[in-house]
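Notes follow the structure.
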Amino acid sequence: DTEVTQTPKHLVMGMTNKKSLKCEQHMGHRAMYWYKQKAKKPPELMFVYSYEKLSINESVPSRFSPECPNSSLLNLHLHALQPEDSALYLCASSQGGAQGYTFGSGTRLTVV
Amino acid sequence: GEDVEQSLFLSVREGDSSVINCTYTDSSSTYLYWYKQEPGAGLQLLTYIFSNMDMKQDQRLTVLLNKKDKHLSLRIADTQTGDSAIYFCAEVHTGGFKTIFGAGTRLFVKA
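Top line first, the protein sequences correspond to chains R and P. Numbering follows this note's numbering, in which position 62 of the first sequence is assigned residue number 118; successive positions increment by one, without gaps. Numbering follows this note's numbering, in which position 78 of the second sequence is assigned residue number 88; successive positions increment by one, without gaps.
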């Protein structure tokens with residue numbers, strides 16, 4: 057299995073809702089990432105987990121809460137989001153070093 | 011500082027070669043990457059080069075690195091319509107856990 061799987065593919069949520077994005081990989085990668093991508097922009101790093109521990113938080117607002125239950129799973133819990141949080145949320149994994157990242161196809165989030 | 015710059019658009023005819031350019035500012039970068047993103051999809055790693063290399067070839071792709079000028083290029087030979095996408099240049103520092111992406115170059119391939 058050489059894929060990163062993200063669910064759901066599309067999500068519409070209200071500003072008072074609580075939802076979660078899920079990401080799964082079975083490549084044995086030791087690092088997992090959440091990126092946010094707005095239209096016509098590059099991905100922006102949000103969080104990095106290394107060996108299931110949060111190692112980088114790029115000053116992301118607390119309405120985004122990451123969780124890494126085990127080495128294969130990564131969640132992003134969403135609460136009280138704003139319309140400007142609407143974006144494509146990408147999960148990636150890597151073994152570190154030269155191999156680069158394997159990205160999922162993303163969750164297209166719309167906050168209404 | 012950390013900054014990766016790319017031109018925003020490139021248009022080529024099918025069958026021609028495409029050259030996408032990138033400049034980076036951090037000389038401590040260890041690895042440099044090219045990713046491809048098709049509409050509605052995630053990013054796909056195309057190729058990478060170590061900072062101590064000058065060139066890498068992988069089928070239709072050729073990466074050239076000029077360390078003195080901090081300039082990276084991606085050449086796509088015999089460009090096809092399926093190559094139409096956004097191409098991101100990216101750099102990673104030692105440790106490999108933080109990737110800095112350029113703004114992306116949108117490649118249009120005309121049939």
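Ideal Cβ positions, reconstructed from N, Cα and C, are used throughout, including at glycine.
Check	Outcome
Could you round the C-beta distance between R:A148 and R:K94 to whole angstroms and report it? I think they count as a contact, below 8 Å.	So it is not a contact: roughly 17 Å between Cβ atoms.
Along chain P, in chain order, which residues have C-beta atoms closer than 8 Å to that of R:L101?	K108 and T109
Check whether the Cβ atoms of P:S17 and P:T89 lie closer than 9 Å to each other.	no
Could you list which residues in chain R have their beta carbon closer than 8 Å to that of P:A133, in chain order?	As displayed, chain P neither begins before 11 nor continues past 121, which places residue 133 of chain P out of reach and without an answer.
Between the Cα of R:H135 and the Cα atoms of R:N126, R:S127 and R:P117, which residue gives the shortest distance?	R:P117
DSSP three-state label for R:A154, please.	helix
Where does the unbroken beta strand (DSSP E) through R:Y89 begin, and where does it stop?	A87 to Q93
Taking all protein chains shown into account, decide if P:E109 is buried (16 or more other Cβ within 10 angstroms of its Cβ) or exposed.	Correcting the residue identity first, residue 109 of chain P is Thr in this sequence and not Glu. Result: buried.
Take the Cβ of P:G11 as the centre, count every other Cβ of all protein chains shown within 10 Å, and call the residue buried at 16 or more, exposed below.	The pLDDT assigned to P:G11 is 47, lower than 50, so where the model puts this residue is not dependable, and the model offers no usable value.
Between P:G11 and chain R, is the shortest Cβ-Cβ distance under 9 Å, so that the two count as touching?	Since pLDDT at P:G11 reaches only 47, below the 50 mark, its modelled position is unreliable, and the value read off the structure follows with that caveat. No, its Cβ sits nowhere closer than 9 Å to a Cβ of chain R.
So is R:R119 in contact with chain P if we call contact Cβ pairs under 9 Å?	no
In chain R, which residues lie less than 8 Å from P:A51 when you measure between Cβ atoms?	S161 and G162
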